[in-house]
Amino acid sequence: MDSIIIHGGKRLDGTVRIQGSKNAVLPMMSASVLHDGVTVLEGCPRISDVCFMTEILKCLGAQIRWEGHTLFIDGSGINASVIPAIYGVQMRSSVTLMGSLLGRMHRFEMPFPGGCVIGKRPVDLHIQVLRSLGAKVEEKDGILRASCESPEGFCHVFKKKSVGATENAILAAVRAKGKTRLSGCSVEPEIIWLCRFLEAMGVTIRGVGTEHLMITGTVRLKDTAFEVPADRIVAGTYLMAGAATRGQIILEHAPVDEMTSILDAYKKMGGQYEVSSGKLVADSRGVQKPLPYIETDVYPGLPTDLQSPLLAVLAGIPGSSHVRETVFEDRYKIIPQLNRMGASVTVSGRDAYVEGQPGLHGEKVSARELRGGAALVIAALSAQGESQVLNRHYIERGYEDICKDICSLGGEIRIDKDD
Ligand code: UD1
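And the structure:
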């Protein structure tokens, strides 16, 4: 079975090192397509989304090599612009290849992007960017095609915040002739990291970290080696695992500066932490307060990716909590599963109402998407008895080895040995 077995009801207590960031490395891999040479990504997480992306890059003509956690991408042989349907539909982040492929090949063809089932996830904002670039875009029978013979610098104002569409616009601008001005950009850390990475490749970008970016087009990029930043969502997930079990854990290499909103929520629940020699030391023995109201938001607000892990903690804190999901319209797939474990959570539209109580019990539950799957692991760690979390493959899209990490924190967790 594609599952994880957890013996819960035990405090986590230990140290874990945080892996490289999925959401930062995937657009960097897209950016490597813009370069007719070698890109080296150090500290790259070996997760299934990265593996899918390497397969797509190979289909485009790139050569890929791994040495431990260092990923070498040689883009000199890239000569194709078609992403086969089997890869594109599996992974939404392939969407950022649109901008890179237009820059490098002046065209692309890809299936409508897939990914986690968390709401409608349209691509209209991405297509608007491509149209601002002057690309001809058409969609027929689930295939998206675009072409732009001589990409030139463009102006684009985002009508709504979108991380992926901002990344796409930046990537589309890199090889466009002249200057591109973007307004209303998202400011998530992963976008800042993408800009830093492109700067290391020789691109000039002004306004990094703000909603207004100006990119000067550059055809010749440099070979670059870049350290992938730590994953703020993985760090937040393990912080929540510590909170759910009232444990004392140390997160090495946690990107604390990017975690302000989840650390605020943690403190409000009664958690205490300090940062010492680059480590986040979190003491959850006092976690006992519900959250009367909390909402997800774009950065620096509470990341939507941590909404389910937080719900798993709140389910076990006596009292009423109220969570509003403002980013995605359907990101509560975990709730029926949590309720099977004894939680009491009701949903009305974007609002989740939690009547927290101690004493979740072990259960056989199913992951339906990546972060919800990780949240079920958290709930199972806090629950009495044995749980089985089915559909482990969703979790492996973003967590390199959640069982090993949770074991380092003292949890009793293993891959189902019948696998
Ligand atoms: C990225 C992250 C994902 C995170 C999300 C929000 C990656 C690989 N994924 O996803 O983990 O949860 O940011 O922080 O980095 N939207 C549209 N039209 C579009 C695009 C988006 O309406 O063309 C909507 C979405 O449905 C959603 C909202 O905009 O409601 C935000 O989505 P967006 O920021 O684009 O998320 P992703 O880039 O897909």
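Residue numbers (the working numbering): 5 to 423.
Even for Gly, the Cβ is constructed at its ideal location relative to N, Cα and C.
These figures come from a predicted structure and were not determined experimentally.
For the alpha helix (DSSP H) that contains residue i, what are its first and last residues?
i: GLU171; result: 167-178
i: CYS63; result: 52-64
i: ASP128; result: 128-137
i: LYS26; result: 26-36
i: GLU153; result: No alpha helix (DSSP H) holds GLU153; DSSP gives it neither H nor E.
State the start and end residues of the unbroken beta strand (DSSP E) segment that holds residue i.
i: PHE112; result: 111-115
i: ASP78; result: 74-78
i: GLU142; result: 140-144
i: VAL42; result: 42-46
i: ARG15; result: Looking at the DSSP string, ARG15 is not in any beta strand (DSSP E), and its letter there is neither H nor E.
i: ILE209; result: 208-210
i: VAL2; result: Any property of residue 2 remains undetermined from this structure, which presents the chain solely from 5 to 423.
i: GLN23; result: Neither: GLN23 is in no beta strand (DSSP E) and is coded neither H nor E.
i: ILE87; result: Taken as a continuous stretch (DSSP letters only), ILE87 belongs to no beta strand (DSSP E), as it is neither H nor E.
i: LYS181; result: Where LYS181 is concerned, there is no enclosing beta strand (DSSP E), given that its DSSP letter is neither H nor E.
Rounding to the nearest angstrom, what Cα-Cα distance links residue i and residue j in this structure?
i: THR264; j: TYR277; result: 12 Å
i: GLY24; j: GLY402; result: 10 Å
i: ILE1; j: GLU400; result: No answer is possible for residue 1: the residues shown for the chain start at 5 and end at 423.
i: LEU129; j: GLY389; result: 46 Å
i: GLU142; j: VAL327; result: 39 Å
i: PRO259; j: GLY282; result: 9 Å
i: LEU394; j: SER7; result: 4 Å
i: THR100; j: ASN27; result: 11 Å
i: GLY377; j: ILE82; result: 35 Å
i: ARG111; j: LEU134; result: 11 Å
i: HIS397; j: GLU192; result: 26 Å
i: ALA229; j: VAL44; result: 4 Å
i: LEU306; j: VAL279; result: 20 Å
i: ARG69; j: SER97; result: 21 Å
i: TYR336; j: ARG289; result: 28 Å
i: ASP355; j: ASP309; result: 16 Å
i: ASN343; j: GLU359; result: 11 Å
i: GLY119; j: ARG372; result: Only weak support is given to the placement of GLY119: the predicted model assigns it a pLDDT of 49, under 50, and the question is left unresolved by the model.
i: ILE147; j: ALA169; result: 18 Å
i: GLY275; j: ILE321; result: 12 Å
i: THR3; j: MET345; result: Nothing can be reported for residue 3: it is not among the residues displayed for the chain, which extend from 5 to 423.
i: LEU106; j: LYS144; result: 19 Å
i: PRO233; j: ARG210; result: 21 Å
i: SER38; j: PRO115; result: Sequence check: residue 38 is Leu here, not Ser. Each residue's Cα considered, the two are about 20 Å apart.
i: ASP53; j: ALA66; result: 17 Å
i: ASP227; j: CYS199; result: 16 Å
i: GLY188; j: GLY213; result: 12 Å
i: TRP197; j: MET32; result: 9 Å
i: LEU16; j: GLN252; result: 6 Å
i: PRO126; j: GLU171; result: 15 Å
i: PRO296; j: SER324; result: 6 Å
i: LEU380; j: SER34; result: 31 Å
i: CYS55; j: PHE158; result: 33 Å
i: GLY79; j: VAL42; result: 6 Å
i: PRO155; j: HIS257; result: 40 Å
Let me know the secondary structure DSSP gives residue i once reduced to three states.
i: CYS199; result: helix
i: ARG96; result: helix
i: GLU194; result: helix
i: ILE8; result: strand
i: ILE82; result: coil
i: GLY119; result: Unreliable positioning characterises GLY119 in this predicted model, as indicated by a pLDDT of 49, which lies under 50. The coordinate reading is nonetheless provided below. GLY119: coil per DSSP, three-state reduction.
With 9 Å set as the bound, which would you pick, yes or no: does the beta-carbon of residue i sit closer than that to a beta-carbon of chain C?
i: ARG21; result: As a matter of chain content, chain C is missing from the structure shown, which is built from one protein chain.
Practice item. Quick one: which unbroken beta strand (DSSP E) runs of 3-plus residues sit fully inside the region 213-299? Chain order, please. Key: For the region 213-299, whole beta strand (DSSP E) runs of length 3 or above, ordered along the chain, are 217-220, 228-231, 252-256, 276-280, 283-287.
Practice item. Spell out a yes or no on whether the region 242-251 and the region 201-220 are touching, meaning 3 or more CB-CB pairs, one atom from each, closer than 8 Å. Key: These segments do not touch.
Practice item. Counting only runs of 3+ residues fully inside the region 305-368, write out the beta strand (DSSP E) ranges in chain order. Key: If only complete runs of 3 or more residues are kept, the region 305-368 shows the beta strand (DSSP E) at 323-328, 349-352, 355-360, in order along the chain.
Check your understanding: Is the number of C-beta pairs between the region 296-303 and the region 325-341 that are closer than 8 Å three or more?
Key -> In short, these stretches touch, since the Cβ pair count reaches three.
Review point. Is the region 173-182 in contact with the region 205-225, if contact means three or more CB pairs nearer than 8 Å?
Key: yes
Check your understanding: Could you give the uninterrupted runs of the alpha helix (DSSP H) lying entirely in the region 368-423, keeping only those of 4 residues or more?
Key -> 374-386, 396-400, 406-412
Review point. Does the region 377-386 come within contact of the region 8-16, defined as at least 3 CB pairs closer than 8 Å?
Key: yes
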